[in-house]
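Quick note, the sequences are listed as chains B and G, same order.
Residue 101 in my numbering sits at position 101 of the first sequence, and the numbers go up by one each step.
Convert by adding 1000 to the 1-based position in the second sequence; the result is the number in my numbering.
Using N, Cα and C, we set each Cβ at its ideal position, and we do this for glycine too.
This structure is a prediction, so every number in the text was calculated from the model and none was measured.
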Amino acid sequence: GESVGLHLPTLSVQEGDNSIINCAYSNSASDYFIWYKQESGKGPQFIIDIRSNMDKRQGQRVTVLLNKTVKHLSLQIAATQPGDSAVYFCAENVNAGGTSYGKLTFGQGTILTVHP
Amino acid sequence: DVKVTQSSRYLVKRTGEKVFLECVQDMDHENMFWYRQDPGLGLRLIYFSYDVKMKEKGDIPEGYSVSREKKERFSLILESASTNQTSMYLCASSFQRSYEQYFGPGTRLTVT
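Okay, here's the thing in structure tokens:
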């Protein structure tokens, strides 16, 4: 999971394994969550999102699970490949109305390393 | 494809210099954002803009200002660069009613 501090959580898996990256979010009023992938030397890229009226959403090889009771979000990557190696960020919307619409609060990130 | 470009990938400046970081997006997005990214701290919002000439402070605006004279361009200004502003700076944009932000490649700024 993600934690405050200078050291990012890390996850190391073998190619072909399934990966689960966890995220604890802070604001019970948040109603939109998004996962980003950041490869070395690049900006973050959208992976998948989910609204708070859902508890699961699937994409291609990725699934996001949302547990609002414990304010927990997870990203599952099936059959992980070396190209999945990156830093993964979860983000939640800043649901304070007005001009805050569109703002996100990001977690610290998790480093995923996939070994061939 | 949405394209967000940033003027420089790497920049080295001296303490006290005025620094301009430029960001341009080609998708007619209303919202634009500037973040800094430091190891272990994720992305922290410096400033954002929801319309031309409109701006709002983010979580860490101290030492920075912004300018948005045209819809496609959002500039971050360091009035007097300091060593603690050495960081990766990321620009992003999104449609007005969307949370999905599109990011540029980042500018790695070193202040010596």
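Sequence-distant residues of the same chain with beta carbon closer than 7 Å to residue i, five excluded per side
i, result
"Gln-14/B", "His-115"
"Glu-1030/G", "Tyr-1050, Asp-1051, Phe-1095 and Gln-1096"
"Gly-5/B", "Residue confidence for Gly-5/B is low, a pLDDT of 41 falling below 50, so the modelled location carries little weight and cannot support an answer."
"Arg-61/B", "Ile-77, Ala-78 and Ala-79"
CB of residue i within 8 Å of CB of residue j, strictly
i, j, result
"Leu-73/B", "Phe-106/B", "no"
"Arg-1009/G", "Met-1088/G", "no"
"Leu-1011/G", "Leu-1090/G", "no"
"Lys-1092/G", "Gln-1101/G", "Here the sequence assigns Ala to residue 1092/G, which means Lys is not the residue at that position. Yes, they are a contact pair."
"Thr-113/B", "Thr-10/B", "yes"
"Gly-109/B", "Gly-1042/G", "yes"
"Lys-1055/G", "Arg-1068/G", "yes"
"Ile-111/B", "Val-87/B", "yes"
Coarse secondary structure for residue i, derived from DSSP in three states
i, result
"Gly-1042/G", "strand"
"Gln-108/B", "coil"
"Thr-1083/G", "helix"
"Asp-84/B", "helix"
"Asp-49/B", "strand"
"Phe-1095/G", "coil"
"Lys-1057/G", "strand"
"Arg-1068/G", "strand"
"Gln-58/B", "strand"
"Asn-1031/G", "strand"
"Thr-1107/G", "strand"
"Arg-1036/G", "strand"
"Leu-8/B", "coil"
"Asp-1051/G", "strand"
Contact set for residue i: own chain, Cβ-Cβ below 8 Å, skip 5 residues either direction
i, result
"Pro-44/B", "Tyr-36, Lys-37, Gln-38 and Phe-89"
"Ile-1060/G", "Arg-1036, Arg-1044, Leu-1045 and Ile-1046"
Contacting residues, own chain, Cβ-Cβ under 6 Å from residue i (five flanking each side not counted)
i, result
"Ala-91/B", "Ile-34, Leu-104 and Phe-106"
"Lys-56/B", "Leu-65"
"Val-1019/G", "Lys-1013, Leu-1078 and Ala-1081"
Under 8 Å from the C-beta of residue i: neighbouring residues of chain G
i, result
"Gln-108/B", "Gly-1040, Leu-1041 and Gly-1042"
"Asp-49/B", "Tyr-1099 and Glu-1100"
"Leu-8/B", "Pro-1039 and Gly-1040"
9 Å Cβ cut-off: residues of chain B touching residue i
i, result
"Gln-1101/G", "Ile-34, Tyr-36, Pro-44, Phe-46, Ala-91, Gly-102 and Leu-104"
Partners in chain B for residue i, counting only beta-carbon separations shorter than 7 Å
i, result
"Pro-1061/G", "By Cβ distance, chain B contributes nothing, its closest Cβ being about 13 Å from Pro-1061/G, past 7 Å."
Chain-ordered chain G contacts of residue i [CB-CB under 7 Å]
i, result
"Leu-73/B", "The premise fails here: Leu-73/B is roughly 14 Å from chain G at the closest Cβ pair, so nothing lies under 7 Å."
Contact set between residue i and chain B, taken where Cβ atoms lie within less than 8 Å
i, result
"Phe-1048/G", "Gly-102 and Lys-103"
"Leu-1090/G", "Gly-43 and Pro-44"
"Asn-1084/G", "Result: empty, since nearest Cβ-Cβ is about 15 Å, beyond 8 Å."
*asked:* Would the stretch 1007-1025 of chain G count as touching the stretch 1061-1080 of chain G if we require 3 or more Cβ pairs under 8 Å?
replied: yes
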